[in-house]
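Participant:
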Amino acid sequence: MAHDDKQRTGKQVWQRLIDGNMRFVQGLFQGRNLLDLRRTLTQGQQPEAAVLCCSDSRVPAEIIFDQSLGDLFVVRTAGLVLDPTSIGSLEYAVAHLHVPLLVIKGHEGCGAVTAAVNHPETDEGHISAIVKQIAPAAAKARATGKSGAALVEEATCHHLKYLKKALCEKSRIISEALDQERLDLVVAKYELKSGRVLLLKATFFESF
Ligand SMILES: [Zn+2]
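In this note's numbering, each residue's number is its place in the sequence shown (first place is 1) plus 24.
Next up, the structure:
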C-alpha cells in the first residue's frame with residue numbers, strides 16, 4: 025500500500041489496516057509480487073503507518089494486517105515497553121518518513137504483562153526493566169479484585185493507556201504532530217483466538 029502517490033489520512037490508513045486484518049482473519053491473504061516489490065523498494069521506503077507492538081512471535085504486525093514489504097514501520101519490544109531508542113524509532117517514522125498514522129497494538133495473553141502481574145519485583149537480568157515499566161499497570165489492575173486471565177487483560181488495558189500518555193508526554197515530535205493533525209494515533213488490541221485487531225482509542229474519534 026506504500027506505493028501509491030496519494031497521501032492518505034491516518035483514518036484512511038487505519039481502514040486499510042482493518043481491511044487487511046479482515047483478510048488475515050479469513051485466511052484470504054492478498055497476492056503480491058515480492059520480487060518486483062523488493063526491487064522497487066531499493067529506491068527508498070514510504071510506509072504509511074508506524075506500529076508499536078510486542079516482540080511475541082504470534083503478533084507480527086505485517087502478517088496480522090496482511091501488509092507487505094515497505095508498508096509498515098514496526099517497533100517491537102516485549103510488552104511494548106518504551107525507552108529512548110524505541111521512542112526515537114517512532115519519532116523517525118513521524119518526522120522523516122511522515123507516516124500519517126501511529127498504532128499502539130497490544131495483545132491478548134501478553135507474557136510481559138503476565139510477568140508484571142505475577143512477578144513485579146523480579147530482578148532477572150534486563151527482563152526486570154520490562155517488568156518494572158508494566159508493574160504500575162499491574163498494580164492498578166490488581167486493585168479491581170480481578171484474578172487470572174481477567175487480571176492480565178485488565179493490566180494490559182492500563183498499560184496501553186500508559187503507553188499512549190507516555191508517548192505524548194515523552195516525545196515532542198509525536199505530540200506536536202498530533203497537535204498539528206499531521207498524525208493520528210490508534211490504540212488497539214489483538215485477540216489471539218479470533219485473530220481480530222480491536223480498536224480501543226483513536227484520535228479520529230471523539231472519545232480519544
Ligand atoms: Zn506480548
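Glycine included, each C-beta is placed from N, C-alpha and C at the ideal position.
Bear in mind the structure is a predicted one, so any value in this text is a computation, not a measurement.
Name the two residues that bound the continuous beta strand (DSSP E) containing V210.
Facilitator: Position 186 of the sequence shown holds residue 210. 208 to 214 is the span of the beta strand (DSSP E), which, as asked, contains V210.
Participant: Locate the beta strand (DSSP E) running through H131, then write down its first and last residues.
Facilitator: Within the sequence shown, numbered from 1, the residue matching residue 131 stands at position 107. Unbroken beta strand (DSSP E) run through H131: 125 to 131.
Participant: What's the C-alpha gap between H27 and K164?
Facilitator: Walking along the sequence shown from the start, residue 27 turns up at place 3. Walking along the sequence shown from the start, residue 164 turns up at place 140. With a pLDDT of 48 at H27, under the threshold of 50, the modelled position of this residue cannot be trusted, and the question is left open.
Participant: What's the C-alpha gap between T146 and A139?
Facilitator: Taking the first residue of the sequence shown as 1, we reach residue 146 at position 122. Taking the first residue of the sequence shown as 1, we reach residue 139 at position 115. Their Cα atoms are separated by approximately 9 Å.
Participant: What is the DSSP secondary structure of K170, reduced to helix, strand or coil?
Facilitator: On the sequence shown, residue 170 is found 146 positions in, with the first residue counted as 1. Note: K170 maps to coil in three-state DSSP.
Participant: Along the chain, which unbroken stretches of the beta strand (DSSP E) at least 3 residues long are found entirely within the region 34 to 110?
Facilitator: With a minimum length of 3 residues, the continuous beta strand (DSSP E) runs that stay inside the region 34 to 110 are 73 to 77, 96 to 100.
Participant: Straight-line CA distance for G68 to R62?
Facilitator: Along the sequence shown, one-based indexing puts residue 68 at 44. Along the sequence shown, one-based indexing puts residue 62 at 38. G68 and R62: Cα-Cα distance of roughly 10 Å.
Participant: How would you label V72, buried or exposed, when you count the other beta carbons within 10 angstroms and need 16 or more for buried?
Facilitator: Taking the first residue of the sequence shown as 1, we reach residue 72 at position 48. Before going further, note that residue 72 is Glu rather than Val in the sequence given. Counting Cβ neighbours within 10 Å, E72 comes out buried, since at least 16 surround it.
Participant: What number of angstroms, rounded off, separates the C-alpha of N85 from the C-alpha of G44?
Facilitator: Start at 1 with the first residue of the sequence shown, and residue 85 comes out as number 61. Start at 1 with the first residue of the sequence shown, and residue 44 comes out as number 20. The displayed chain sequence assigns Ala, not Asn, to residue 85. Roughly 11 Å between the two C-alpha positions.
Participant: Measuring only the C-alpha atoms, how far is D203 from T227?
Facilitator: If you number the sequence shown from 1, residue 203 lands on position 179. If you number the sequence shown from 1, residue 227 lands on position 203. For D203 and T227, the distance between alpha carbons rounds to 10 Å.
Participant: Output the boundary residues of the beta strand (DSSP E) element that contains L121.
Facilitator: Numbered from 1 along the sequence shown, position 97 holds the residue referred to as residue 121. Unbroken run through L121: none, as it is neither H nor E.
Participant: Below 8 Å on the Cβ atoms is my guess for V210 versus V127; work out the distance and round it to an integer in Å.
Facilitator: Taking the sequence shown and counting its residues from 1, the one referred to as residue 210 is at position 186. Taking the sequence shown and counting its residues from 1, the one referred to as residue 127 is at position 103. Indeed, because the Cβ distance is near 5 Å, the residues count as touching under 8 Å.
Participant: From D154 to Q54, what distance separates their C-alpha atoms?
Facilitator: Counting from 1 along the sequence shown, the entry for residue 154 is found at position 130. Counting from 1 along the sequence shown, the entry for residue 54 is found at position 30. The question names Asp, yet the displayed sequence has Ile at residue 154. Rounded to the nearest angstrom, the two C-alpha atoms are 35 Å apart.
Participant: What number of angstroms, rounded off, separates the C-alpha of R196 from the C-alpha of I111?
Facilitator: Taking the sequence shown and counting its residues from 1, the one referred to as residue 196 is at position 172. Taking the sequence shown and counting its residues from 1, the one referred to as residue 111 is at position 87. Roughly 11 Å separates the two Cα atoms.
Participant: Please classify K156: does DSSP put it in a helix, a strand, or coil?
Facilitator: To locate residue 156, count along the sequence shown from 1; it is residue 132. Reduced to three states, the DSSP call for K156 is helix.
Participant: Which residues are close to ligand 1, meaning CB closer than 6 Å to any heavy atom, in chain order?
Facilitator: Chain-ordered list of matching residues: C78, D80, G103, H131, C134, G135, A136.
Participant: Thinking C-alpha only, which one of T101, T180, E230, Q39 is nearest S161?
Facilitator: Taking the sequence shown and counting its residues from 1, one reaches residue 161 at position 137. Note that residue 161 is Ala in the sequence shown, not Ser. Among T101, T180, E230, Q39, the Cα nearest to that of A161 is on T180.
Participant: Checking 7 Å against the spacing of the C-beta atoms, do I198 and L187 come in under that value?
Facilitator: In the sequence shown, counting from the first residue as 1, residue 198 sits at position 174. In the sequence shown, counting from the first residue as 1, residue 187 sits at position 163. No; because the gap between Cβ atoms is not below 7 Å, this pair is not in contact.
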